[in-house]
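Undergrad: Structure below; questions to follow.
4 protein chains.
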Amino acid sequence: MTYSDPMHALPRKERERERHRLEALQAAESLLEHRLYHDITVQEIAASAEFSVGYLYKLFAGKEEIYASLLKHRYDELEELVTAHIARRGSVEDRISAVVRGVSTWFKNNPAFASNYLGAILTLARTRETIAADVSRHEAILQERLNALFQEAMDEGVLARGDPSVVTATLRALLWGFVARNLVSWFDPAKKEKWTDYAPTIVRTITRAFAPENT
Amino acid sequence: MTYSDPMHALPRKERERERHRLEALQAAESLLEHRLYHDITVQEIAASAEFSVGYLYKLFAGKEEIYASLLKHRYDELEELVTAHIARRGSVEDRISAVVRGVSTWFKNNPAFASNYLGAILTLARTRETIAADVSRHEAILQERLNALFQEAMDEGVLARGDPSVVTATLRALLWGFVARNLVSWFDPAKKEKWTDYAPTIVRTITRAFAPENT
Amino acid sequence: MTYSDPMHALPRKERERERHRLEALQAAESLLEHRLYHDITVQEIAASAEFSVGYLYKLFAGKEEIYASLLKHRYDELEELVTAHIARRGSVEDRISAVVRGVSTWFKNNPAFASNYLGAILTLARTRETIAADVSRHEAILQERLNALFQEAMDEGVLARGDPSVVTATLRALLWGFVARNLVSWFDPAKKEKWTDYAPTIVRTITRAFAPENT
Amino acid sequence: MTYSDPMHALPRKERERERHRLEALQAAESLLEHRLYHDITVQEIAASAEFSVGYLYKLFAGKEEIYASLLKHRYDELEELVTAHIARRGSVEDRISAVVRGVSTWFKNNPAFASNYLGAILTLARTRETIAADVSRHEAILQERLNALFQEAMDEGVLARGDPSVVTATLRALLWGFVARNLVSWFDPAKKEKWTDYAPTIVRTITRAFAPENT
DNA sequence: AATGAATGAGGTTTCATTCAT
DNA sequence: CATGAATGAAACCTCATTCAT
Chain B
42 MTYSDPMHAL
52 PRKERERERH
62 RLEALQAAES
72 LLEHRLYHDI
82 TVQEIAASAE
92 FSVGYLYKLF
102 AGKEEIYASL
112 LKHRYDELEE
122 LVTAHIARRG
132 SVEDRISAVV
142 RGVSTWFKNN
152 PAFASNYLGA
162 ILTLARTRET
172 IAADVSRHEA
182 ILQERLNALF
192 QEAMDEGVLA
202 RGDPSVVTAT
212 LRALLWGFVA
222 RNLVSWFDPA
232 KKEKWTDYAP
242 TIVRTITRAF
252 APENT
Chain A
42 MTYSDPMHAL
52 PRKERERERH
62 RLEALQAAES
72 LLEHRLYHDI
82 TVQEIAASAE
92 FSVGYLYKLF
102 AGKEEIYASL
112 LKHRYDELEE
122 LVTAHIARRG
132 SVEDRISAVV
142 RGVSTWFKNN
152 PAFASNYLGA
162 ILTLARTRET
172 IAADVSRHEA
182 ILQERLNALF
192 QEAMDEGVLA
202 RGDPSVVTAT
212 LRALLWGFVA
222 RNLVSWFDPA
232 KKEKWTDYAP
242 TIVRTITRAF
252 APENT
Chain L
42 MTYSDPMHAL
52 PRKERERERH
62 RLEALQAAES
72 LLEHRLYHDI
82 TVQEIAASAE
92 FSVGYLYKLF
102 AGKEEIYASL
112 LKHRYDELEE
122 LVTAHIARRG
132 SVEDRISAVV
142 RGVSTWFKNN
152 PAFASNYLGA
162 ILTLARTRET
172 IAADVSRHEA
182 ILQERLNALF
192 QEAMDEGVLA
202 RGDPSVVTAT
212 LRALLWGFVA
222 RNLVSWFDPA
232 KKEKWTDYAP
242 TIVRTITRAF
252 APENT
Chain C
42 MTYSDPMHAL
52 PRKERERERH
62 RLEALQAAES
72 LLEHRLYHDI
82 TVQEIAASAE
92 FSVGYLYKLF
102 AGKEEIYASL
112 LKHRYDELEE
122 LVTAHIARRG
132 SVEDRISAVV
142 RGVSTWFKNN
152 PAFASNYLGA
162 ILTLARTRET
172 IAADVSRHEA
182 ILQERLNALF
192 QEAMDEGVLA
202 RGDPSVVTAT
212 LRALLWGFVA
222 RNLVSWFDPA
232 KKEKWTDYAP
242 TIVRTITRAF
252 APENT
């Protein structure tokens, strides 16, 4: 995942600045892959991004904002991904499958973020109001998208009729749960198999658990 | 959850010391319910436990060890709980259901720990080797217990034949995932419904997803 | 001026702590004698007081509070001095003369404070509300004391009848003005005569300027 | 007080540059009216003057030089004012009175400078040698002018014979003292009467205190 | 001439840990 | 056994100054 995409037509200097922000985020994220928010110093982020501390503070309001920006950046990406997969052409089954695979793969490619994505929800978000608000908003959007997809699946008889938000909750529990599981292996120096692709298991679990009664 | 149980027959002074350790852990945990590991100072833990800092350092090697002890203590409890529910008399279905309900309830009663339990796995454990080792060991034991239970279920035809560890992984993913979900609501000051009991959903999901083909 | 006096009967540890606070203030003041508030670091104050920085922060809430405490301490002293001289036995003339001489001498003995006393009123007090409030309170008390003295002088026919607060204002203008003048010499490395005793000039100026019309 | 005066016949570019310096000084002074030297950043001065920081550094050697230039600029003005009033036609009494009124009014119109003028003498000048030297020179000139005036007054029998520098010192003490007093009210948000005109009091005090014995 | 992005030394403050009592 | 005063390394952040454009 590189940070090169969204570089539309901006007033010259603005573009440079935006590129620097993204470089700084990339540096911060790479550090987060092996260390914790509280153990990473602003000096280190600056050094890793090859900027001076002072400039980092011109780009971001403070350490917390760097982290919040990173979270937001990746959330946007995740949101786009889910939206795109759901909007695809194809049968509902295929699209459900595609979303699950897409998200799984995305998490696999962003292990640092995955860990902090979950970690943020459970810890940081609890104490930093700005971050909490951001997370809530993004989560709500993702939920909405998935609810719509499962509603469609119910309408087409692919899933049993019922509250689609229960399916969504189950799907997200499974995704989170398996991602967390993978992360443990991922960071465990002993285990070398690393990331297991749970996407098929998740899809099968969902489709079976919420299958229409008599098929 | 009080810390009063393991007070066997120990040499007088040892018992006193052990009681003090438990009191300190209790104080630490109550602080963790509303704040993060990094935001809690040792002086606060000492004050809350009504000990001096110096004595706290006699009881534990340092801040990290307090945390590690807390984790271990709760893990032991969880392990005991799971073991007890599995060892129960009754049908496999009932015992699966009992385990899920038991763990769900336990998490509900230990929200602070739940959050830090998951948080620890995803973050702290990554950087503190002692904690990581502890977590791994406990996780392995829990896995083993559940594998045995699901193997039994397969043998009795309650679940479809296959690798029981897949069922275990799925169950734990669901448990973690739903706990995480509940924690978000739990700590969100806006939402007041608080803890939803997902145990029935989890049991149904598991039993359906891994049901024998032709029932 | 040593900081040894007010050490009544306090709970043992409290006394020690108070002594340390005074030692720290003394260190801070001696640094202020040659440097400015903004140019003195907390590290330096700590080093000069032979404490660690951390302990300094246990004794005072922050750098600003050190300064505010110092100001208050000296103001208390000045207030006591003025009160004592005014309360003396003797003729009004003698008491006026004694106050002027007393304050002049006191300023001479506290050049660092004198400079910061005036400086604080003109600059710091402007931006730090706590300090400003303190200064205002102390100034009001001093004014009141002097007003009473001059009222008495008017009643006894030593000064012409009129608003005593004009005399007070004039006296304080003269005191401040001459102190400022002395400070310039005091800190000028070229001039070596140092402190001139303007007390007689001040007394004469006041008594003549406000003398009863026909003597 | 605008900074437009000294724009003689200079080589084109020089004139432009000089105008920019004056604009920068004006910006700096307006900031000093509400904040302290140490709390004002160079970036703020630049922004307020609508220059870039870089250009400001082309105009002045550094932050300190901006301040020193400002002080010098105002001192020149004050000096001119005093000289002009003393050189006036008219009786000595009138000229003394005119000087006192002139200076009082000037201080009233330059409260920011007044505060920093006194502040500089008492604090900054102490640590910055260039500024100290400047202040000393200007002060010496002012003293000389006033000494001459009071000598004349003595020669004409308006004041009692004696050392004119004592009268000068007293006058300046009174001026400073009352200005300082006014500044306290000026910056005190509570008091709204603001600037009191002490010029009459000062003139009367001086003329009475140093009046010839038998009038 | 004029800009402002970029620098980095240095300031204030916190907090895990120690040790004399 | 138990205390808590005292430590000091290290964190976050600011801002005077420079320099490529």
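The listed protein sequences derive, respectively, from chains B, A, L and C.
Okay, so the first sequence: first residue is 42 according to this note's numbering, each after it adds one.
Okay, so the second sequence: first residue is 42 according to this note's numbering, each after it adds one.
Okay, so the third sequence: first residue is 42 according to this note's numbering, each after it adds one.
Okay, so the fourth sequence: first residue is 42 according to this note's numbering, each after it adds one.
Glycine included, every Cβ here is placed at the ideal spot set by N, Cα and C.
Note down the Cα distance separating residue 191 of chain A from residue 56 of chain B, rounded to an integer number of angstroms.
TA: For the purposes of this step, residue 191 of chain A is taken as the residue at position 150 of the second sequence. For the purposes of this step, residue 56 of chain B is taken as the residue at position 15 of the first sequence. Near 57 Å, if we compare the C-alpha coordinates of residue 56 of chain B and residue 191 of chain A.
Undergrad: Chain A beta carbons: is any one of them nearer than 8 Å to that of residue 42 of chain B?
TA: Along the first sequence, read from residue 1 onward, the residue named residue 42 of chain B stands at position 1. Below a pLDDT of 50, predicted positions are generally treated as unreliable, and residue 42 of chain B, at 49, falls in that range; the measurement from the model is reported next regardless. Closer than 8 Å: no.
Undergrad: Would you please state the rounded distance, in angstroms, between the beta carbons of residue 208 of chain A and residue 251 of chain A? I believe it to be under 8 Å.
TA: Looking up residue 208 of chain A in the second sequence gives position 167. Looking up residue 251 of chain A in the second sequence gives position 210. Yes, residue 208 of chain A and residue 251 of chain A are in contact; Cβ-Cβ is about 5 Å, under 8 Å.
Undergrad: What are the start and end residues of each continuous alpha helix (DSSP H) run of 4 or more residues lying completely inside the segment 46-116 of chain B, in chain order?
TA: Counting whole runs of 4 or more residues, the segment 46-116 of chain B contains the alpha helix (DSSP H) stretches 54-73, 83-90 and 94-100.
Undergrad: Taking contact to mean 3 or more Cβ pairs, one atom from each stretch, closer than 8 Å, check whether the segment 114-129 of chain C and the segment 75-95 of chain C are in contact.
TA: Flag = no, the segment 114-129 of chain C and the segment 75-95 of chain C do not touch.
Undergrad: Between the Cα of residue 123 of chain A and the Cα atoms of A/253, A/185, A/236 and A/239, which residue gives the shortest distance?
TA: Translated into the one-based positions of the second sequence, residue 123 of chain A becomes position 82. Ranking the options by Cα distance to residue 123 of chain A, first place goes to A/185.
Undergrad: In terms of residues, what are the limits of the alpha helix (DSSP H) holding residue 259 of chain B?
TA: In the structure as shown, chain B begins at 42 and stops at 256. Residue 259 of chain B is therefore absent and cannot be evaluated.
Undergrad: Given residue 108 of chain A, which residues of its chain have a CB within under 7 Å of its CB, disregarding the five upstream and five downstream residues?
TA: Counting from 1 along the second sequence, the entry for residue 108 of chain A is found at position 67. Closer than 7 Å at Cβ, skipping near neighbours: 78.
Undergrad: Could you tell me which whole alpha helix (DSSP H) segments of length 4 or greater appear in the segment 150-225 of chain B?
TA: 152-160 and 170-196, all fully within the segment 150-225 of chain B.
Undergrad: Quick check on residue 209 of chain B - is its C-beta less than 8 Å from some C-beta in chain A?
TA: As a working mapping, residue 209 of chain B is identified with position 168 in the first sequence. With 8 Å as the cut-off, residue 209 of chain B does not count as an interface residue toward chain A.
Undergrad: Please report how far the alpha carbon of residue 111 of chain L lies from the alpha carbon of residue 145 of chain L, in whole angstroms.
TA: Position 70 of the third sequence, counting from 1, holds the residue named residue 111 of chain L. Position 104 of the third sequence, counting from 1, holds the residue named residue 145 of chain L. Rounded to whole angstroms, residue 111 of chain L to residue 145 of chain L spans 20 Å at the Cα level.
Undergrad: Measure the Cβ-Cβ separation of residue 31 of chain C and residue 193 of chain C and say whether it is below 8 Å.
TA: Look at the range of chain C in this structure, 42 to 256, and you will see that residue 31 of chain C is not part of it.
Undergrad: Residues in the same chain with beta-carbon distance under 7 Å from residue 224 of chain B, minus the five sequence neighbours each way, listed in chain order, please.
TA: Position 183 of the first sequence, counted from the start, is the residue given in the question as residue 224 of chain B. 152, 155 and 156, listed in sequence order.
Undergrad: Taking just the CA atoms, how far does residue 105 of chain A sit from residue 96 of chain A?
TA: Within the second sequence, numbered from 1, the residue matching residue 96 of chain A stands at position 55. Within the second sequence, numbered from 1, the residue matching residue 105 of chain A stands at position 64. If I take the Cα positions, the gap works out to 16 Å.
Undergrad: If you check the beta carbons only, do residue 86 of chain B and residue 65 of chain B fall under 8 Å apart?
TA: Residue mapping note: residue 86 of chain B aligns to position 45 of the first sequence, counting from 1. Residue mapping note: residue 65 of chain B aligns to position 24 of the first sequence, counting from 1. Cβ atoms of residue 86 of chain B and residue 65 of chain B: closer than 8 Å.
Undergrad: Secondary structure at residue 241 of chain C, three-state DSSP: helix, strand or coil?
TA: Here residue 241 of chain C is taken as the residue at index 200 of the fourth sequence, counted from 1. Correct three-state label for residue 241 of chain C: helix.
Undergrad: Can you list, in chain order, the residues of the segment 191-224 of chain C whose Cβ is nearer than 8 Å to any Cβ on chain L?
TA: For the segment 191-224 of chain C, which is checked against every Cβ of chain L, the residues closer than 8 Å are 207, 210, 211, 213, 214, 215, 216, 217, 218, 219, 221, 222 and 224.
Undergrad: Verify whether the separation of the beta carbon atoms of residue 187 of chain C and residue 212 of chain C is less than 8 Å.
TA: By one-based count along the fourth sequence, residue 187 of chain C stands at place 146. By one-based count along the fourth sequence, residue 212 of chain C stands at place 171. Yes, these two residues count as a Cβ contact at 8 Å.
Undergrad: Output, in chain order, the set of chain L residues within a Cβ distance shorter than 7 Å of residue 79 of chain C.
TA: Against the fourth sequence, residue 79 of chain C aligns to sequence position 38. Within chain L, the residues near residue 79 of chain C are 79.
Undergrad: Please name the residue, chosen from B/61, B/89 and B/254, that lies closest to residue 198 of chain B on a Cα-to-Cα basis.
TA: By one-based count along the first sequence, residue 198 of chain B stands at place 157. Comparing Cα-Cα distances from residue 198 of chain B to each of B/61, B/89 and B/254, the minimum goes to B/254.
Undergrad: Applying the criterion that 16 or more other CB atoms from any shown protein chain within 10 Å of the CB defines a buried residue, is residue 218 of chain A buried or exposed?
TA: The residue you call residue 218 of chain A lines up with position 177 of the second sequence. By the 10 Å Cβ count, residue 218 of chain A comes out buried.
Undergrad: I want to verify the contact list: residues of chain C whose CB lies under 8 Å from the CB of residue 142 of chain L, in sequence order.
TA: Start at 1 with the first residue of the third sequence, and residue 142 of chain L comes out as number 101. The premise fails here: residue 142 of chain L is roughly 16 Å from chain C at the closest Cβ pair, so nothing lies under 8 Å.
Undergrad: Give me the Cβ distance between residue 137 of chain C and residue 220 of chain C, rounded to the nearest whole Å; I'm assuming they're in contact under 8 Å.
TA: Walking along the fourth sequence from the start, residue 137 of chain C turns up at place 96. Walking along the fourth sequence from the start, residue 220 of chain C turns up at place 179. About 18 Å; that fails the 8 Å criterion.
Undergrad: Pick from A/178, A/61, A/246 and A/222: whose alpha carbon is nearest that of residue 149 of chain A?
TA: In the second sequence, counting from the first residue as 1, residue 149 of chain A sits at position 108. Taking only the C-alpha atoms, the option nearest residue 149 of chain A is A/222.
Undergrad: Closest by CA to residue 91 of chain C, which one among C/76, C/74, C/67 and C/75?
TA: Taking the first residue of the fourth sequence as 1, we reach residue 91 of chain C at position 50. Selected option, being the one with the closest Cα: C/67.
Undergrad: Can you list, in chain order, the residues of its chain with a C-beta nearer than 8 Å to that of residue 93 of chain L? Leave out the 5 residues immediately preceding and following it.
TA: In the third sequence, counting from the first residue as 1, residue 93 of chain L sits at position 52. For residue 93 of chain L, where only same-chain residues beyond five positions count, the Cβ hits under 8 Å are 87.
Undergrad: Would you identify the three-state DSSP class for residue 252 of chain C, choosing helix, strand or coil?
TA: Counting from 1 along the fourth sequence, the entry for residue 252 of chain C is found at position 211. Coil, per DSSP.
Undergrad: Which residues in chain L sit within 7 Å of residue 153 of chain C, going by Cβ to Cβ distance?
TA: Residue mapping note: residue 153 of chain C aligns to position 112 of the fourth sequence, counting from 1. Correct list: empty, because the minimum Cβ distance to chain L is about 11 Å.
Undergrad: Kindly say whether residue 181 of chain B, judged by its beta-carbon, lies nearer than 8 Å to any beta-carbon of chain A.
TA: Working through the first sequence from its first residue, we reach residue 181 of chain B at position 140. With 8 Å as the cut-off, residue 181 of chain B does not count as an interface residue toward chain A.
Undergrad: Measuring straight from C-alpha to C-alpha, what distance separates residue 189 of chain A and residue 205 of chain A?
TA: Counted from its first residue, the second sequence places residue 189 of chain A at position 148. Counted from its first residue, the second sequence places residue 205 of chain A at position 164. Those two C-alpha atoms are separated by around 8 Å.
Undergrad: State yes or no: is the beta carbon of residue 82 of chain A nearer than 8 Å to at least one beta carbon in chain B?
TA: By 1-based counting over the second sequence, the position of residue 82 of chain A is 41. So no, residue 82 of chain A is outside the interface.
Undergrad: Can you give the beta carbon distance from residue 240 of chain A to residue 142 of chain A, rounded, assuming they're within the 8 Å contact cut?
TA: Looking up residue 240 of chain A in the second sequence gives position 199. Looking up residue 142 of chain A in the second sequence gives position 101. That belief holds up - the Cβ atoms of residue 240 of chain A and residue 142 of chain A are roughly 5 Å apart, short of 8 Å.
Undergrad: Counting contacts by CB-CB distance shorter than 8 Å, is residue 250 of chain C in contact with chain L?
TA: By 1-based counting over the fourth sequence, the position of residue 250 of chain C is 209. Yes, contact with chain L.
Undergrad: Roughly how many whole angstroms lie between the Cα atoms of residue 62 of chain L and residue 100 of chain L?
TA: Counting from 1 along the third sequence, the entry for residue 62 of chain L is found at position 21. Counting from 1 along the third sequence, the entry for residue 100 of chain L is found at position 59. Rounded to whole angstroms, residue 62 of chain L to residue 100 of chain L spans 6 Å at the Cα level.
Undergrad: Could you check which residue in C/200, C/237 and C/121 has the C-alpha nearest to that of residue 246 of chain C?
TA: Position 205 of the fourth sequence, counted from the first residue, corresponds to residue 246 of chain C. Ranking C/200, C/237 and C/121 by Cα distance to residue 246 of chain C puts C/200 first.
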